[in-house]
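A.B. asks: Residue numbers (our numbering): 6 to 548. Backbone N, C-alpha and C define an ideal beta-carbon position, used for all residues, glycine too.
#1: Straight-line CA distance for residue 80 to residue 121?
#2: Could you please give the first and the last residue of the uninterrupted alpha helix (DSSP H) stretch that includes residue 171?
#3: Are there three or more Cβ pairs, one per stretch, closer than 8 Å when the segment 181-191 is compared with the segment 207-218?
#4: The alpha helix (DSSP H) with residue 288 in it runs from where to where?
#5: Would residue 211 and residue 243 be called neighbours here (beta carbons separated by less than 8 Å)?
#6: Below 8 Å between beta carbons: does that hold for residue 87 and residue 112?
#7: Tell me which residues share the same chain as residue 115 and place their Cβ nearer than 6 Å to its Cβ, disregarding the 5 neighbours each side in the sequence.
#8: How many Å lie between residue 320 and residue 312 at the Cα?
#9: Counting C-beta neighbours from all protein chains within 10 Å, is the total for residue 259 16 or more, i.e. buried, or is it exposed?
#10: With H, G and I counted as helix, E and B as strand and the rest as coil, what does DSSP make of residue 222?
#11: From residue 73 to residue 89, what distance separates their C-alpha atoms?
#12: Taking its Cβ as the centre, do 16 or more other Cβ atoms sit within 10 Å of residue 314, making it buried, or is it exposed?
#13: Measure the Cβ-Cβ separation of residue 101 and residue 149 and say whether it is below 8 Å.
#14: My assumption, with CB atoms under 8 Å, is that residue 155 sits in contact with residue 287. Please give the rounded CB distance.
#15: Taking the DSSP output, what are the residues bridged to residue 300?
#16: Could you check how far apart the C-beta atoms of residue 271 and residue 85 are, in whole angstroms? I think they sit under 8 Å.
#17: So, under 8 Å CB-CB, residue 251 and residue 494 are touching, yes? Tell me the CB distance rounded to an integer number of Å.
#18: Start and end of the beta strand (DSSP E) containing residue 191?
#19: In whole angstroms, what separates the C-alpha of residue 466 from that of residue 118?
#20: Going by CA-CA distance only, name the one from 347, 335, 95, 175 that's closest to residue 130.
#21: Could you spell out the range, first to last residue, of the beta strand (DSSP E) harbouring residue 273?
#22: In or out: residue 267 buried (at least 16 other Cβ within 10 Å) or exposed?
#23: If contacts are defined as beta-carbon pairs under 8 Å, then residue 221 and residue 474 qualify, I think. What distance do you get, rounded to the angstrom?
#24: To the nearest angstrom, report how far apart residue 285 and residue 279 are at their CA atoms.
#25: Quick one: residues in its chain with C-beta nearer than 6 Å to the C-beta of residue 329, no 5 flanking neighbours on either side, listed in chain order?
#26: How would you call residue 208, buried or exposed, if buried means at least 16 neighbouring beta carbons within 10 angstroms?
#27: When burial is assigned at 16 or more other CB atoms within 10 Å of the CB, is residue 353 buried or exposed?
#28: Between residue 336 and residue 292, is the Cβ-Cβ spacing less than 8 Å?
#29: Near residue 491, which residues of its chain fall below 7 Å by C-beta distance, leaving aside the five closest residues on each side in sequence?
#30: What is the residue span of the beta strand (DSSP E) that residue 243 lies within?
#31: Report the partner residues of residue 427 according to the DSSP bridge assignment.
#32: Just mark residue 263 as buried or exposed, buried being the case when its beta carbon has 16 or more other beta carbons within 10 Å.
#33: Could you round the C-beta distance between residue 347 and residue 144 to whole angstroms and report it? I think they count as a contact, below 8 Å.
#34: Measure the beta-carbon distance from residue 345 to residue 307 and round it to whole angstroms, keeping in mind my assumption that it falls under 8 Å.
#35: Counting only the same chain and skipping the five closest in sequence on each side, list residues whose C-beta sits under 7 Å from that of residue 290.
#36: Less than 8 Å between the CB atoms is what I'm expecting for residue 248 and residue 496, so what's the real figure, rounded?
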């Protein structure tokens, strides 16, 4: 296997000669051509942006003929750039130069602020990656250019708001096509090794969900950790909460009700109150130092029915639904890349820029091991180069372990009254009460067009622990049911509105709390569930 998946030049030449049907007798193995072929055997074919540009004349000609937009951006000629943009189709506007950069990336590297702003105003996409998969804001962060980061991130935020409005409209349209219904959703943690322990001490709950028109209500009982308990292992506090979503309102509302304390928290208002302003977000981005990213890739992935011992499909009956058990398995690899800053000299010419070798990014690949914390990026073996130890002494070289496969299961039912595509907006609303459900919704988005419905899901988490999510008692809403009344989806007028900062004050007055397994929240009943809601940028975004 050759680096970057490319084949040697010699292999391509061999294919060319086979295609031309050159007789073997006409090729003398001792002639000069064969000697030259042997010399270049094993060389890599360069990518288009890696090809060397010959001499000043050819560089000048290439720059003028093929990259007039990039030259205008490089030289800060805003008027010429806008004229060229108006004359070129969108596809040509977004082309890479020989360095693999778009015109906006060039503007960032040259710190052309007015020109970059003109590009964005003209509709150039702010998040378009270059050939190395870096966005313009990544280049600005690597250069520690706060002014450029603010300009680009501000446009990203504005675009995100517009995109989320479009997604909300799509979500409401999907909800309108679903018949009014109710069902129960149970989530719990399980393990073939720690099963009894998890059933006794791990959090679990059963949510009851009602949907009517563009409204939804989710009821549950898990309210966080009981910080008054003196037990060594924390105990979970139970109560009764409701999450009310009204998509017909403008803007849409999301309310969290604590029926025991008769209080209401407006999650939309709290989200706006706790969202940092643009300058704060820019400061946070800049404080992270060099730009970088970590992506998770799956290899050898399969999603297929499990076979029974007789060789047929493994089936299981869940309530009245016949389900086929599917297995999803694959090897998961985390790829962390740290961006190398491209700091161009002030007096560099455009031709010199095109021919200039760029610094290499630092790439680290780590297989995620579900049985060991050392398999996570930045921990254990992944954090120390081979042959080094934390105390500075040389470490013995260990034979690398074969990567383990992550395996999950889905119980898929045919002829379910709801499709997976229709379930997704429901899960997004329920996900506001449980971040694990939100992750399940994100995973299922990839399979939204499947004709089968996941009645039960088993998702691997850590070591031998998995999350088990199941859907039960799906029913169409009866005209005489309590949920048929609009008041069922509204907060009682006698309930008192409460802000998150009140919960924080109440928590600080309490005694020291026990350790928090699984990231569980402290505080009162309402506080605990609010903490589990994880109110951060991106949460509740569709609402």
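C.D. replies: Answer, in terms of the structure:
#1: In the chain shown, residue 80 corresponds to position 75, counting from 1. In the chain shown, residue 121 corresponds to position 116, counting from 1. A straight line joining the alpha-carbon of residue 80 with that of residue 121 spans about 12 Å.
#2: Here residue 171 refers to the residue found at position 166 of the chain shown. Membership of residue 171 in the alpha helix (DSSP H) is indicated by the continuous run 151-181.
#3: Using a C-beta cut-off of 8 Å, the segment 181-191 makes contact with the segment 207-218, since at least three inter-stretch Cβ pairs fall below that distance.
#4: Locating residue 288 in the chain shown gives position 283, counting from the first residue. Counting along the chain, the unbroken alpha helix (DSSP H) around residue 288 starts and ends at 283-292.
#5: Mapped onto the chain shown, residue 211 falls at position 206. Mapped onto the chain shown, residue 243 falls at position 238. Contact annotation: residue 211 and residue 243 have beta-carbon atoms that are not nearer than 8 Å.
#6: Numbered from its first residue, the chain shown carries residue 87 at position 82. Numbered from its first residue, the chain shown carries residue 112 at position 107. Going by C-beta atoms, residue 87 is not nearer than 8 Å to residue 112.
#7: Stepping through the chain shown from its first residue, residue 115 is reached at position 110. Counting only residues of its own chain and dropping the five nearest sequence neighbours on each side, residue 115 has a CB closer than 6 Å to the CB of 79.
#8: The sequence position of residue 320 within the chain shown is 315, counting from 1. The sequence position of residue 312 within the chain shown is 307, counting from 1. Taking C-alpha positions only, residue 320 is separated from residue 312 by approximately 9 Å.
#9: Start at 1 with the first residue of the chain shown, and residue 259 comes out as number 254. Here residue 259 is buried, its C-beta having at least 16 other C-beta atoms within 10 Å.
#10: Translated into the one-based positions of the chain shown, residue 222 becomes position 217. It is a strand residue.
#11: Position 68 of the chain shown, counted from the first residue, corresponds to residue 73. Position 84 of the chain shown, counted from the first residue, corresponds to residue 89. In a straight line, the C-alpha of residue 73 is about 8 Å away from that of residue 89.
#12: As a first step, residue 314 must be located in the chain shown, where it is residue number 309. Taking a 10 Å sphere around the C-beta of residue 314, we find fewer than 16 other C-beta atoms and assign the residue as exposed.
#13: For the purposes of this step, residue 101 is taken as residue 96 along the chain shown, with counting starting at 1. For the purposes of this step, residue 149 is taken as residue 144 along the chain shown, with counting starting at 1. Taking 8 Å as the Cβ cut-off, residue 101 and residue 149 do not qualify as a contacting pair.
#14: Reading the chain shown from its first residue, position 150 is the one you call residue 155. Reading the chain shown from its first residue, position 282 is the one you call residue 287. About 5 Å separates the CB atoms of residue 155 and residue 287; that is less than 8 Å, so the two are in contact.
#15: Stepping through the chain shown from its first residue, residue 300 is reached at position 295. Residue pairing by DSSP places residue 300 opposite 340 in a beta bridge.
#16: If you number the chain shown from 1, residue 271 lands on position 266. If you number the chain shown from 1, residue 85 lands on position 80. About 51 Å separates the two Cβ atoms, so there is no contact after all.
#17: Residue mapping note: residue 251 aligns to position 246 of the chain shown, counting from 1. Residue mapping note: residue 494 aligns to position 489 of the chain shown, counting from 1. Right, their Cβ atoms sit about 7 Å apart.
#18: On the chain shown, position 186 is the one that residue 191 refers to. It spans 186-195 - the beta strand (DSSP E) in which residue 191 sits, taken as one unbroken run.
#19: In the chain shown, residue 466 corresponds to position 461, counting from 1. In the chain shown, residue 118 corresponds to position 113, counting from 1. Each residue's alpha carbon lies about 45 Å from the other.
#20: The residue labelled residue 130 in the question sits at position 125 within the chain shown. If we check each option's Cα against that of residue 130, 95 comes out closest.
#21: Against the chain shown, residue 273 aligns to sequence position 268. Taken as a continuous stretch (DSSP letters only), residue 273 belongs to no beta strand (DSSP E), being part of the alpha helix (DSSP H) at 272-279.
#22: Counting from 1 along the chain shown, the entry for residue 267 is found at position 262. Residue 267 should be labelled exposed.
#23: If you number the chain shown from 1, residue 221 lands on position 216. If you number the chain shown from 1, residue 474 lands on position 469. Taking 8 Å as the upper bound for CB-CB distance, residue 221 and residue 474 are not in contact here, some 18 Å apart.
#24: Within the chain shown, the letter at position 280 stands for residue 285. Within the chain shown, the letter at position 274 stands for residue 279. In a straight line, the C-alpha of residue 285 is about 12 Å away from that of residue 279.
#25: Along the chain shown, read from residue 1 onward, the residue named residue 329 stands at position 324. Only 310, 318, 320, 417 meet the Cβ criterion.
#26: Sequence index remark: in the chain shown, residue 208 carries index 203 (1-based). Buried, because 16 or more other Cβ atoms sit within 10 Å of the Cβ of residue 208.
#27: The residue you call residue 353 lines up with position 348 of the chain shown. By the neighbour-count rule (16 or more Cβ atoms within 10 Å), residue 353 is not buried but exposed.
#28: Within the chain shown, numbered from 1, the residue matching residue 336 stands at position 331. Within the chain shown, numbered from 1, the residue matching residue 292 stands at position 287. Taking 8 Å as the cut-off, the Cβ atoms of residue 336 and residue 292 do not count as close.
#29: One-based indexing of the chain shown puts residue 491 at position 486. Once the five neighbours on either side are set aside, residue 491 has no close Cβ partner at all.
#30: Within the chain shown, numbered from 1, the residue matching residue 243 stands at position 238. For residue 243, the enclosing beta strand (DSSP E) starts and ends at 241-251.
#31: Translated into the one-based positions of the chain shown, residue 427 becomes position 422. None, per the DSSP bridge assignment.
#32: Counting from one through the chain shown, the residue named residue 263 turns up at place 258. When all chains shown are included, residue 263 counts as buried.
#33: Sequence index remark: in the chain shown, residue 347 carries index 342 (1-based). Sequence index remark: in the chain shown, residue 144 carries index 139 (1-based). The beta carbons of residue 347 and residue 144 sit about 7 Å from each other, so the pair counts as a contact at 8 Å.
#34: Along the chain shown, one-based indexing puts residue 345 at 340. Along the chain shown, one-based indexing puts residue 307 at 302. Incorrect: roughly 36 Å between the Cβ atoms, too far for contact.
#35: Counting from one through the chain shown, the residue named residue 290 turns up at place 285. If you ignore the 5 residues before and after residue 290, its C-beta comes within less than 7 Å of the C-beta of 146, 154, 158, all in its own chain and listed in chain order.
#36: For the purposes of this step, residue 248 is taken as residue 243 along the chain shown, with counting starting at 1. For the purposes of this step, residue 496 is taken as residue 491 along the chain shown, with counting starting at 1. About 11 Å; that fails the 8 Å criterion.
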